[in-house]
Amino acid sequence: MIFHQTLTALFTAMGAAALLALAGASTATAQGACPAGFRSATSDSFGIPVCATERVSDRALEHAAGVMNRLLDFDRNGTADSPPVLAELRDSGAFYAVFPNERAVDRFFHRLDDSDHDSYEASVVVIEDEMDISGREGWDPTIEEALHVITQFGYAEAFPEAFGEFRGSAIADLMDAARGGHHARVPKRYPAGAVYTYDDRSCDYSCQITEFTFWAITSMRGLNRNRADEIGEEWRLHTPELMASRAPGLVALLSDPRFGILF
501 MIFHQTLTAL FTAMGAAALL ALAGASTATA QGACPAGFRS ATSDSFGIPV
551 CATERVSDRA LEHAAGVMNR LLDFDRNGTA DSPPVLAELR DSGAFYAVFP
601 NERAVDRFFH RLDDSDHDSY EASVVVIEDE MDISGREGWD PTIEEALHVI
651 TQFGYAEAFP EAFGEFRGSA IADLMDAARG GHHARVPKRY PAGAVYTYDD
701 RSCDYSCQIT EFTFWAITSM RGLNRNRADE IGEEWRLHTP ELMASRAPGL
751 VALLSDPRFG ILF
């Protein structure tokens with residue numbers, strides 16, 4: 501589950517629209533500035549700010565920056581895999597925000613004036629309490645939230661026809677097929693045969709696309725191979741082999757060299 505859904509609900513209750521997502525960047529560019537009240541990671545992530553509040557450990561902050569860097573430069577050749585995506589991330593002001601726990605997130609955003617909320621619309625949050633820095637727990641939510649930053653504020657903007665988070669984009673059509681039809685809202689029950697059955701009703705259609713894109717990319721990269729029991733109620737295509745056999749159109753989209761999504 502992505503944490504910015506909680507924040508979306510919070511902002512809605514407060515009368516302002518906002519989504520938070522996680523971002524970080526890599527080498528030879530000026531690092532973007534973090535908002536007031538946050539400190540920046542010392543390692544650069546292609547100029548995308550990775551930021552933390554006071555009570556976040558340096559270890560967690562630098563881990564988040566490292567994850568962002570590796571996602572932007574998957575082949576680790578020192579160059580961003582998709583320059584157009586990187587440009588959109590920089591232009592959007594997207595940043596990756598690390599908080600120590602959910603309570604700290606709630607306190608921070610409740611203190612904001614309505615006029616300040618816009619500063620955080622192009623951000624995603626990750627929680628230090630939920631991170632798997634050691635790699636011993638099998639899955640690290642830092643990856644999920646960082647990838648949400650990259651796809652939501654990068655790919656969806658750089659390639660809207662392919663990855664736009666709206667009905668009619670290529671990724672939206674593929675998501676509808678995976679869910680057994682178009683559902684503007686989460687249905688009470690998904691059709692038989694659906695392979696993507698996200699059921700959080702706070703997640704609107706664009707949010708559902710964010711999640712779908714995350715599952716597709718991480719499955720193609722083999723990151724969900726041992727997570728079938730954990731994620732099966734939401735996502736059934738947890739291996740590259742299942743992706744190829746059950747969703748060849750999705751594999752073709754993600755594999756298009758124009759987009760720089762590497763596996």
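When the letters of the sequence shown are read in order and numbered with my numbering, they come out as residues 501 to 763. Note that beta-carbon positions come from the ideal geometry of N, C-alpha and C, so glycine has one too.
Check: If distances are taken between C-alpha atoms only, which option among 663, 723 and 678 comes closest to residue 754?; Outcome: 663
Check: Alpha carbons only, please: which of 726, 537 and 741 is nearest the one belonging to residue 637?; Outcome: 726
Check: From this set, 657, 621 and 671, which residue's C-alpha is nearest residue 597's C-alpha?; Outcome: 621
Check: Which of the three DSSP states is assigned to residue 735 in this structure?; Outcome: strand
Check: Taking the beta carbon of residue 748 as the centre, do at least 16 other beta carbons fall within 10 Å, making it buried, or is it exposed?; Outcome: exposed
Check: Between the Cα of residue 548 and the Cα atoms of 750, 541, 532 and 646, which residue gives the shortest distance?; Outcome: 532
Check: Helix, strand or coil for residue 627? Go by DSSP, reduced to three states.; Outcome: strand
Check: I'd like the list of long-range same chain contacts for residue 612, defined as Cβ closer than 6 angstroms, with 5 residues on each side in sequence excluded.; Outcome: none
Check: Alpha carbon to alpha carbon, what distance is there between residue 705 and residue 683?; Outcome: 8 angstroms
Check: Measuring only the C-alpha atoms, how far is residue 563 from residue 724?; Outcome: 20 angstroms
Check: Can you list, in chain order, the residues of its chain with a C-beta nearer than 6 angstroms to that of residue 555? Leave out the 5 residues immediately preceding and following it.; Outcome: 600
Check: From residue 649 to residue 585, what does the alpha carbon distance come to, in whole angstroms?; Outcome: 11 angstroms
Check: Between 568, 546, 588 and 534, which has its C-alpha nearest residue 552's C-alpha?; Outcome: 534
Check: Checking the sheet assignment: what are the DSSP bridge partners for residue 769?; Outcome: Residue coverage of the chain in this structure runs from 501 to 763, which leaves residue 769 outside it and unanswerable.
Check: Given a cut-off of 9 angstroms on the beta-carbon distance, is the pair residue 742 and residue 696 in contact?; Outcome: no
Check: Decide if residue 542 is buried, meaning its Cβ has at least 16 other Cβ atoms within 10 Å, or exposed.; Outcome: exposed
Check: Would you mind sorting residue 590 into buried or exposed? The rule is 16 or more other CB atoms within 10 Å of its CB.; Outcome: buried
Check: To the nearest angstrom, report how far apart residue 574 and residue 732 are at their CA atoms.; Outcome: 26 angstroms
Check: Residue 690 and residue 679: beta carbons closer than 9 angstroms?; Outcome: yes
Check: Check the C-beta distance from residue 602 over to residue 633 and give it rounded, since I have them as a contact under 8 angstroms.; Outcome: The pair is not a contact, with the Cβ atoms about 18 angstroms apart (cut-off 8 angstroms).
Check: Could you please give me the residues that DSSP links to residue 597 through a beta bridge?; Outcome: 551 and 625
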